[in-house]
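The structure appears below as structure tokens.
Numbering (the numbering used here), first residue to last: 3 to 269.
Okay, here's the thing in structure tokens:
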């Protein structure tokens with residue numbers, strides 16, 4: 003996977019956020035720290051691009067950490083530099099400081115809370131103020147819960163949404179209201195792309211769910227389905243990295259398809 007050259011914004015130190023360059027944990031990126039709610043902070047990994055056409059918020063799956071399972075990187079964590087290389091300003095939030103109960107980060111149920119809407123909303127507002135770019139939100143697996151719920155209920159509104167390996171069925175970790183297909187998807191009035199993999203064996207993210215999401219997004223001006231095939235399966239669990247669930251072996255194709263969809267739907 004090719005590494006893109008990064009053009010990093012300088013960051014200002016203020017009461018609302020801080021910046022640290024080459025911070026050990028994420029040596030390839032800048033970080034800011036937002037204060038979205040009283041008593042909580044949220045780190046955000048930033049990767050700039052030369053003359054970006056849009057800002058893209060990447061919502062990772064699992065607990066909302068760039069390191070998902072036993073140190074393995076999730077799909078969006080692994081490809082964030084590739085998205086930047088497509089001409090996007092990248093912002094990847096980490097689970098807020100007050101959310102540690104699920105694998106050290108966010109419980110899936112938290113992703114459909116008013117508090118989480120404030121988390122994401124603070125980042126959307128910060129990006130719009132700092133960049134004046136259209137803002138898209140992209141999620142994978144449990145990250146689709148965050149992305150879709152915000153697209154339906156969040157303010158400020160985003161300009162488009164991409165959902166990969168969407169959670170559309172209930173599992174033992176989550177409440178009845180968590181699956182994406184339970185949301186008022188007809189309220190999404192921006193372009194939407196739902197991506198699945200035909201060999202995804204993670205029980206709660208079947209490829210057919212992508213079609214259900216698009217069928218329900220009746221107010222979107224352009225809602226599309228993309229079902230991937232191919233790649234390889236080297237993971238230990240069907241819901242973990244290294245599997246069709248995370249588009250193992252076809253990451254470049256998925257990133258290119260998402261980038262093409264975003265650019266073709268620019269206002």
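All C-beta atoms in this analysis are idealised placements derived from N, C-alpha and C, irrespective of residue type, glycine included.
Beta bridge pairing from DSSP links residue 166 with 142 and 197. Cβ neighbours of residue 263 within its own chain (closer than 6 Å, five residues either side excluded): 195.
Less than 8 Å separates the beta-carbon of residue 48 from that of residue 34. Looking at the DSSP output, residue 59 bridges to 93 and 139. Between residue 171 and residue 110 a beta carbon distance of about 12 Å is seen, past the 8 Å cut, so the two are scored as non-contacting. When beta bridges are read from the DSSP output, residue 122 appears opposite no residue. Cβ-Cβ separation between residue 117 and residue 43: approximately 13 Å, too far for a contact (criterion under 8 Å).
With respect to residue 253, residue 77 sits close: the two C-beta atoms are nearer than 8 Å. Excluding its 5 nearest sequence neighbours in each direction, residue 212 has C-beta neighbours in its own chain below 7 Å: 168, 196, 197, 198, 227 and 229, listed in chain order. For the region 178-222, the full-length alpha helix (DSSP H) segments reaching 4 residues or more read 210-218 along the chain. One alpha carbon belongs to residue 232, the other to residue 203, and they sit about 14 Å apart. With a cutoff of 8 Å on beta-carbon distance, residue 243 and residue 75 are scored as near each other. Rounded to whole angstroms, residue 236 and residue 216 show a C-alpha spacing of 30 Å.
Cβ atoms of residue 191 and residue 221 come within 8 Å of each other, at about 5 Å. Nearest Cα to residue 64 within the set 106, 56 and 163: 106.
For residue 37, the enclosing beta strand (DSSP E) begins and ends at 32-39.
For the 8 Å CB-CB criterion, residue 189 and residue 154 form a contact. C-alpha of residue 80 to C-alpha of residue 183: approximately 27 Å in a straight line. Assignment of residue 82 by DSSP, reduced to helix, strand and coil, places it in the helix class. Secondary structure note for residue 227: its beta strand (DSSP E) is the uninterrupted segment 225-230.
Here residue 185 has 150, 151 and 154 as same chain residues with Cβ atoms under 7 Å from its own Cβ, once five neighbours each way along the sequence are excluded. Counting along the chain, residue 47 sits inside the beta strand (DSSP E) bounded by residues 42-49. Residue 179 counts as exposed, since fewer than 16 other beta carbons sit within 10 angstroms of its beta carbon.
DSSP places residue 107 within a strand segment (E or B) once states are collapsed to three. Cα atoms of residue 158 and residue 84: separation of roughly 26 Å, rounded to the nearest angstrom.
DSSP, reduced to helix, strand and coil, places residue 75 within a strand of the structure shown. Residue 46 places its beta carbon 8 Å or farther from that of residue 67. Sequence-distant partners of residue 219 (beyond 5 residues in either direction) whose C-beta falls short of 6 Å from its own C-beta, in its chain, are 187, 190, 194 and 225.
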